[in-house]
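*Asks:* Residue numbers (my numbering), protein chains in the order written: chain A, 6 to 144; chain B, 39 to 470.
The beta-carbon is built from N, C-alpha and C at its ideal position, and this holds for glycine as well.
#1: Which same chain residues end up closer than 6 Å to residue 46 of chain A when comparing Cβ atoms and leaving out the 5 residues on each side of it in sequence?
#2: Please confirm whether residue 372 of chain B has its beta-carbon closer than 8 Å to some beta-carbon of chain A.
#3: Helix or strand or just coil, what does DSSP make of residue 45 of chain A?
#4: Quick check on residue 65 of chain A - is its C-beta less than 8 Å from some C-beta in chain B?
#5: Do residue 100 of chain B and residue 311 of chain B have their CB atoms nearer than 8 Å?
#6: In the DSSP output, what is residue 103 of chain A paired with across the bridge?
#7: Excluding the five sequence neighbours on either side, which residues of its own chain have a C-beta within less than 8 Å of the C-beta of residue 200 of chain B, listed in chain order?
#8: Strictly under 8 Å for the Cβ-Cβ distance: is residue 146 of chain B near chain A by that measure?
#9: Within the 8 Å Cβ cut-off, does residue 41 of chain A reach chain B?
#10: Locate the beta strand (DSSP E) running through residue 160 of chain B, then write down its first and last residues.
#11: Could you please give me the residues that DSSP links to residue 223 of chain B through a beta bridge?
#12: Would residue 228 of chain B and residue 78 of chain B qualify as a contact pair, given that the criterion is a beta-carbon distance under 8 Å?
#13: Using a beta-carbon distance below 8 Å, is residue 8 of chain A in contact with chain B?
#14: Indicate whether the contact test is met: 3 or more Cβ pairs, each with one atom in the stretch 238-256 of chain B and one in the stretch 143-162 of chain B, closer than 8 Å.
#15: Listing by chain order, which chain A residues have their CB less than 9 Å from the CB of residue 454 of chain B?
#16: Is there a Cβ from chain A that is less than 8 Å from the Cβ of residue 264 of chain B?
#17: Could you please give the first and the last residue of the uninterrupted beta strand (DSSP E) stretch that includes residue 244 of chain B?
#18: Are there three or more Cβ pairs, one per stretch, closer than 8 Å when the stretch 440-459 of chain B is compared with the stretch 402-410 of chain B?
#19: Just to check my reading of the structure: residue 455 of chain B and residue 462 of chain B have Cβ atoms closer than 8 Å, yes? What is that Cβ distance to the nearest angstrom?
#20: Report buried or exposed for residue 56 of chain A, applying the criterion of at least 16 other Cβ atoms within 10 angstroms of its Cβ.
#21: Residues in its own chain within less than 8 Å of residue 387 of chain B by CB, not counting five upstream and five downstream?
#22: For residue 70 of chain A, which beta-bridge partners are listed by DSSP?
#23: With three or more C-beta pairs closer than 8 Å as the rule, is the stretch 199-217 of chain B touching the stretch 162-171 of chain B?
#24: If I measure Cβ to Cβ from residue 421 of chain B and keep anything under 6 Å in the same chain, skipping five residues before and after, which residues do I get?
#25: Below 8 Å between beta carbons: does that hold for residue 112 of chain A and residue 72 of chain A?
#26: Establish whether the CB of residue 70 of chain B and some CB of chain A are separated by less than 8 Å.
#27: Could you tell me the alpha carbon to alpha carbon distance between residue 320 of chain B and residue 357 of chain B, rounded to whole angstroms?
#28: What are the residues that DSSP puts in a beta bridge with residue 421 of chain B?
#29: Would you be able to state if there are at least three C-beta pairs under 8 Å between the stretch 345-357 of chain B and the stretch 301-311 of chain B?
#30: Going by DSSP, what residues sit across from residue 389 of chain B in a beta bridge?
#31: Grab me the residues of residue 275 of chain B's own chain with a C-beta within less than 6 Å of its C-beta, minus the 5 sequence neighbours each way, in chain order.
#32: So residue 16 of chain A contacts chain B; which residues on that side make the cut at Cβ distance below 9 Å?
#33: For residue 335 of chain B versus residue 423 of chain B, is the C-beta spacing smaller than 8 Å?
#34: Between residue 1 of chain A and chain B, is there a C-beta pair that is closer than 8 Å?
#35: Count the other CB atoms within 10 Å of the CB of residue 105 of chain B; is the residue buried (16 or more) or exposed (fewer)?
#36: Assuming residue 277 of chain B and residue 135 of chain B form a contact by the criterion Cβ under 8 Å, report the distance between their Cβ atoms to the nearest whole angstrom.
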């Protein structure tokens with residue numbers, strides 16, 4: 006199975022690889038997946054407390070090329086969005102943008118889960134209630 | 039002229055020449071490099087040459103007894119049968135041509151199960167066998183047979199005491215592979231056959247990875263039935279053989295395909311004459327060149343392995359002493375195998391124990407059978423060197439893999455946690 010150009014591009018030149026201070030109140034961290042499943046994603050957002058805008062996003066991913074590309078693209082999309090807007094990012098948008106084949110859809114689901122986990126971490130840190138998201142159940 | 043300015047141009051010149059040489063070396067490399075010889079091997083041009091006349095000029099059916107076309111074909115098959123037999127120390131009458139090792143595995147296991155039904159219904163095999171053996175055993179179980187799946191030790195070898203303890207009065211067959219396709223570990227066939235003989239049980243071995251690569255002798259090794267195939271030893275695809283012992287003891291297998299009664303009634307179907315001719319030639323070449331190939335490849339394999347083991351947290355999977363000379367299986371902790379392959383798979387063809395593409399997300403069952411955690415199994419690469427592998431290819435591979443591992447570790451949250459001293463087992467992972 007050949008990879009799409011976009012997956013190869015994100016894999017070769019991943020955007021926003023790195024680590025934000027997870028102890029900071031304005032940083033939300035989402036860690037999803039499991040080593041045994043061959044996929045672990047950690048996605049972090051830096052939020053401007055006054056405006057609610059995501060000013061920076063970083064990721065680190067253990068996984069296949071599609072998992073790396075999904076998280077790289079997710080961080081690109083997160084930057085500049087408000088936390089509320091970020092919640093609307095759907096895994097199928099990632100699938101479409103990256104041309105992921107059916108066997109790799111779980112990579113995009115994982116990226117969506119990571120976004121939501123990061124948002125919830127940020128919310129809890131700031132005294133907001135944890136949001137309950139619907140299970141995608143694809144993976 | 040002071041000393042420094044005198045030296046400078048010379049240093050630059052040396053550097054320039056060095057870079058040029060390096061470039062030339064890479065230009066000489068033809069991409070992609072093939073290091074997946076356990077999956078299949080390229081055909082040796084000398085094999086192809088032998089086969090060609092048997093597609094066009096000598097196209098006869100080896101079973102046509104009344105004209106020269108048939109005689110020519112039969113003669114060619116007889117000659118090839120001798121070449122194949124000679125490689126494994128067998129008598130030509132003991133060679134049954136098949137379509138490959140999967141058919142051989144099926145014919146051996148189902149054939150013994152049916153032929154020896156009056157003696158018993160129990161088969162012993164191991165968890166690290168190829169699917170062609172494991173799934174055939176599952177079939178036998180559905181048909182009413184009983185199968186013991188031996189666990190292997192953490193180096194991939196079976197425990198001989200456990201094997202002996204598993205033998206029952208109803209045991210009719212022990213099915214243990216000669217060498218493993220993923221880790222290259224070679225089982226102690228002689229010791230296994232001694233146990234089998236002591237208890238009057240037949241020994242079958244799937245020897246696809248071993249035949250033509252290391253010395254295999256059915257009499258010295260005490261093997262009663264053995265499956266192997268041409269395309270793993272520089273021959274064509276679609277042709278294999280089943281060795282079936284005729285003396286001490288005389289072994290019979292029930293045919294799994296009914297028809298014209300070819301191959302002593304054990305395998306009907308018009309013989310694949312060009313394939314058989316090529317298989318014969320491949321066996322002859324292997325017999326003559328095996329020692330030299332193995333010595334050269336084990337050196338290259340060791341070079342590759344030792345260089346890659348310089349990478350922090352990298353491990354060899356399987357026993358390193360009892361192993362095929364051209365195979366290495368290495369895990370790079372906290373880097374996922376498929377992601378790793380993507381770093382260079384345009385230029386280097388390799389396999390990984392990760393199975394991120396399959397719906398189950400289950401990594402290699404062979405590596406798991408060694409007791410590797412799923413994470414290490416996901417982090418493995420399998421290297422299968424071959425007759426046409428060169429040192430330049432190995433040097434390039436070392437360079438590419440080392441740099442990709444480092445790059446992906448910079449991107450791996452697990453590596454970061456490991457470096458921070460976080461126990462990854464203490465984290466509650468969301469299993470998906």
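*Replies:* In this structure, then:
#1: 37, 38, 66, 76, 115, 119
#2: yes
#3: strand
#4: yes
#5: yes
#6: In the DSSP output, where bridge partners are listed per residue, residue 103 of chain A has none listed.
#7: 188, 189
#8: no
#9: yes
#10: 160-164
#11: B/361
#12: no
#13: yes
#14: yes
#15: 24, 47, 65
#16: no
#17: 240-244
#18: no
#19: 6 Å
#20: exposed
#21: 70, 71, 72, 73, 74
#22: The partner list for residue 70 of chain A (beta bridge, DSSP) is empty, contrary to what the question assumes.
#23: yes
#24: 73, 366
#25: yes
#26: no
#27: 28 Å
#28: B/366
#29: no
#30: B/420
#31: 269
#32: 377, 380, 381
#33: yes
#34: Beyond the ends of chain A as shown, which are 6 and 144, falls residue 1 of chain A; an answer cannot be given.
#35: exposed
#36: 7 Å
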